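Here the UniProt record's numbering is used: position 13 in the sequence shown is 13, and no number is missing along the way. Virtual Cβ for every residue (Gly too), placed ideally from N, Cα, C. All values reported here derive from a predicted model rather than from experimental measurement.
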Amino acid sequence: MTMSGSANVVRFAAPGRVNLIGEHTDYNAGFALPIALPERTAVAFQPADTDEMVVCSDRADAPVRFPLDTKPCAVTGWAAYVAGIVWALQHAGHPVPGGTMSISGGVAMGSGLASSAALACAALGALLCATGRQIDRIEQARIACRAENEYVGAPTGLMDQLAILFAESRRAQLIDFDHLTTRSVAFDPDAHGVALLLINSQSAHQHAAGEYAARRASCERAAAALGVSSLRDVQGRGVAALRAVSDPEDLRRARHVITENRRVLDTVAALDERDFDEVGRLLNASHASMRDDFEITTAHIDLIAETAVGAGALGARMTGGGFGGCVIALVLADEVQAVEAAVREQLHKTGYPEPAIAHIRAGVGPGRRRGPGLR
Ligand code: GLA
1 MTMSGSANVV RFAAPGRVNL IGEHTDYNAG FALPIALPER TAVAFQPADT
51 DEMVVCSDRA DAPVRFPLDT KPCAVTGWAA YVAGIVWALQ HAGHPVPGGT
101 MSISGGVAMG SGLASSAALA CAALGALLCA TGRQIDRIEQ ARIACRAENE
151 YVGAPTGLMD QLAILFAESR RAQLIDFDHL TTRSVAFDPD AHGVALLLIN
201 SQSAHQHAAG EYAARRASCE RAAAALGVSS LRDVQGRGVA ALRAVSDPED
251 LRRARHVITE NRRVLDTVAA LDERDFDEVG RLLNASHASM RDDFEITTAH
301 IDLIAETAVG AGALGARMTG GGFGGCVIAL VLADEVQAVE AAVREQLHKT
351 GYPEPAIAHI RAGVGPGRRR GPGLR
């Protein structure tokens with residue numbers, strides 16, 4: 001199906017995200033520090049006088065059709081993210097036209113890079129452009145998150161959507177999920193002789209949905225044991241505040257959240273000083289906390305992070321929800337080749353799939369595309 005000749009086609013693209021630090025803190029009203037990926041998911045929407053939406057993807061054989069009055073869970077799979085946006089927009093009182101939406105995916109799926117939020121934000125942007133509606137970015141994030149939580153049924157937080165919607169070139173966003181504010185932080189390691197490597201393990205996260213929900217429930221139980229509505233309420237008292245959490249597993253989960261929030265703020269301070277050695281140490285500490293306290297890494301992911309650091313990286317950590325996906329490594333420009341080679345060799349030796357390794361920079365947020373091929 002091609003729509004490139006049609007004058008009223010709206011083209012819109014949204015990036016994936018890489019979280020520098022601050023994992024599983026969003027639904028605990030904490031802090032995170034993400035950037036956007038250069039890779040973007042693009043949609044082309046052609047409105048039509050119809051009560052249905054037809055969605056096609058370059059990654060799927062057949063189009064998916066659903067009525068505009070679709071209800072949660074009626075559509076499943078990749079098209080559910082578009083159906084969820086159609087549902088959540090109307091739920092928030094915004095009109096949604098019918099038509100055809102074609103998706104060309106640039107963000108790797110199942111790799112912890114927020115491909116689903118990229119698709120949701122691209123679909124949302126296209127539908128808003130088509131109706132001439134303007135909604136502020138916090139509200140857009142809420143709508144996209146609602147699509148994921150209530151339509152798709154994934155109990156995720158707001159990080160991916162806010163990371164994508166507020167992204168800026170060569171900058172990271174410090175997100176405060178309690179106050180729902182963002183602060184733009186300079187993040188341009190290349191200008192200081194440091195590279196950010198994204199190492200995709202090529203092992204998609206498995207069983208992640210159930211484990212994600214279990215981590216969230218653990219954090220909620222810990223907050224309840226402390227008599228507060230979220231762990232953020234005890235952040236100022238540090239881990240000492242957690243003595244009243246009697247369940248040892250819930251205690252470890254909460255300890256990750258409290259220490260991770262501290263590491264996010266320390267990373268921002270280190271970036272303000274351009275102290276990439278310190279940022280590296282914080283990435284390592286974050287990985288250890290996800291491995292030992294939150295228990296969301298895998299042997300494969302741990303091996304990548306350890307090997308990168310052993311070969312000279314300033315620091316490395318898994319990024320994203322966990323149980324597979326990607327590792328980021330901060331590496332002096334001169335050491336990039338050695339780190340890459342060491343990781344490839346070690347994974348080959350131990351029988352893991354060949355990783356995809358890319359040197360990445362913080363990219364821009366979503367936006368309208370002017371024509372086919374233009375981003
Ligand atoms: C997934 C979720 C986010 C966030 C991260 C972990 O990406 O969609 O809301 O919780 O995991 O930091």
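Measuring CA to CA, which of the options is closest to residue i?
{"i": "residue 321", "options": "170, 364, 155 and 181", "result": "155"}
{"i": "residue 67", "options": "57, 49, 60 and 59", "result": "49"}
{"i": "residue 418", "options": "18, 21, 52 and 352", "result": "What the structure shows of the chain is the stretch from 1 to 375, and residue 418 is not part of that stretch, so it cannot be assessed."}
{"i": "residue 355", "options": "72, 300 and 311", "result": "300"}
{"i": "residue 77", "options": "90, 88, 69 and 63", "result": "63"}
{"i": "residue 360", "options": "231, 329, 12 and 348", "result": "329"}
{"i": "residue 158", "options": "170, 262 and 182", "result": "182"}
{"i": "residue 109", "options": "326, 197, 92 and 287", "result": "326"}
{"i": "residue 21", "options": "317, 347, 89 and 54", "result": "317"}
{"i": "residue 12", "options": "308, 123 and 146", "result": "123"}
{"i": "residue 367", "options": "312, 255, 137 and 236", "result": "137"}
{"i": "residue 262", "options": "250, 248 and 279", "result": "279"}
{"i": "residue 101", "options": "56, 239, 8 and 365", "result": "56"}
{"i": "residue 347", "options": "331, 277 and 302", "result": "302"}
{"i": "residue 220", "options": "16, 25 and 14", "result": "25"}
{"i": "residue 197", "options": "266, 14, 126 and 357", "result": "357"}
Does DSSP classify residue i as helix, strand or coil?
{"i": "residue 135", "result": "coil"}
{"i": "residue 361", "result": "coil"}
{"i": "residue 68", "result": "coil"}
{"i": "residue 259", "result": "helix"}
{"i": "residue 56", "result": "strand"}
{"i": "residue 5", "result": "The predicted position of residue 5 is uncertain, since its pLDDT is 47 and thus under 50; no value can be drawn from it."}
{"i": "residue 378", "result": "Absent from the model: residue 378. The displayed extent of the chain is 1 to 375, so no value can be given."}
{"i": "residue 38", "result": "strand"}
{"i": "residue 171", "result": "strand"}
{"i": "residue 234", "result": "helix"}
{"i": "residue 176", "result": "strand"}
{"i": "residue 47", "result": "strand"}
{"i": "residue 184", "result": "strand"}
{"i": "residue 79", "result": "coil"}
{"i": "residue 356", "result": "strand"}
{"i": "residue 226", "result": "coil"}
{"i": "residue 375", "result": "With a pLDDT of only 35 at residue 375, under the threshold of 50, the placement of this residue in the model should not be trusted, and no figure is reported."}
{"i": "residue 264", "result": "helix"}
{"i": "residue 214", "result": "helix"}
{"i": "residue 244", "result": "helix"}
{"i": "residue 74", "result": "coil"}
{"i": "residue 32", "result": "strand"}
{"i": "residue 195", "result": "strand"}
{"i": "residue 63", "result": "coil"}
Can you tell me whether residue i sits near the ligand GLA, meaning its C-beta is under 7 Å from at least one heavy atom of the ligand?
{"i": "residue 273", "result": "no"}
{"i": "residue 19", "result": "yes"}
{"i": "residue 26", "result": "yes"}
{"i": "residue 132", "result": "no"}
{"i": "residue 157", "result": "yes"}
{"i": "residue 222", "result": "no"}
{"i": "residue 295", "result": "no"}
{"i": "residue 321", "result": "yes"}
{"i": "residue 23", "result": "yes"}
{"i": "residue 108", "result": "no"}
{"i": "residue 147", "result": "no"}
Need the endpoints of the beta strand (DSSP E) that residue i sits in, please.
{"i": "residue 201", "result": "Premise fails: residue 201 is in no beta strand (DSSP E) and is neither H nor E."}
{"i": "residue 10", "result": "10 to 21"}
Would you say residue i touches the ligand FMN, meaning its beta carbon is less than 7 Å from a heavy atom?
{"i": "residue 160", "result": "The ligand FMN is not part of this structure, which contains only the ligand GLA."}
Taking 8 Å as the CB-CB limit, is residue i close to chain C?
{"i": "residue 185", "result": "In summary, chain C is missing from the structure at hand, where a single protein chain is found."}
- Write down every uninterrupted run of the alpha helix (DSSP H) in the UniProt domain "GHMP kinase C-terminal" (268 to 348) whose length is 4 residues or greater and which is fully enclosed by it, in chain order. List check, alpha helix (DSSP H) in window: 276 to 292 and 299 to 310.
- In chain order, which beta strand (DSSP E) runs of at least 3 residues are fully inside the UniProt domain "GHMP kinase N-terminal" (81 to 166)? Secondary structure within the UniProt domain "GHMP kinase N-terminal" (81 to 166): the beta strand (DSSP E) runs of 3 or more consecutive residues, fully enclosed, are 98 to 104 (chain order).
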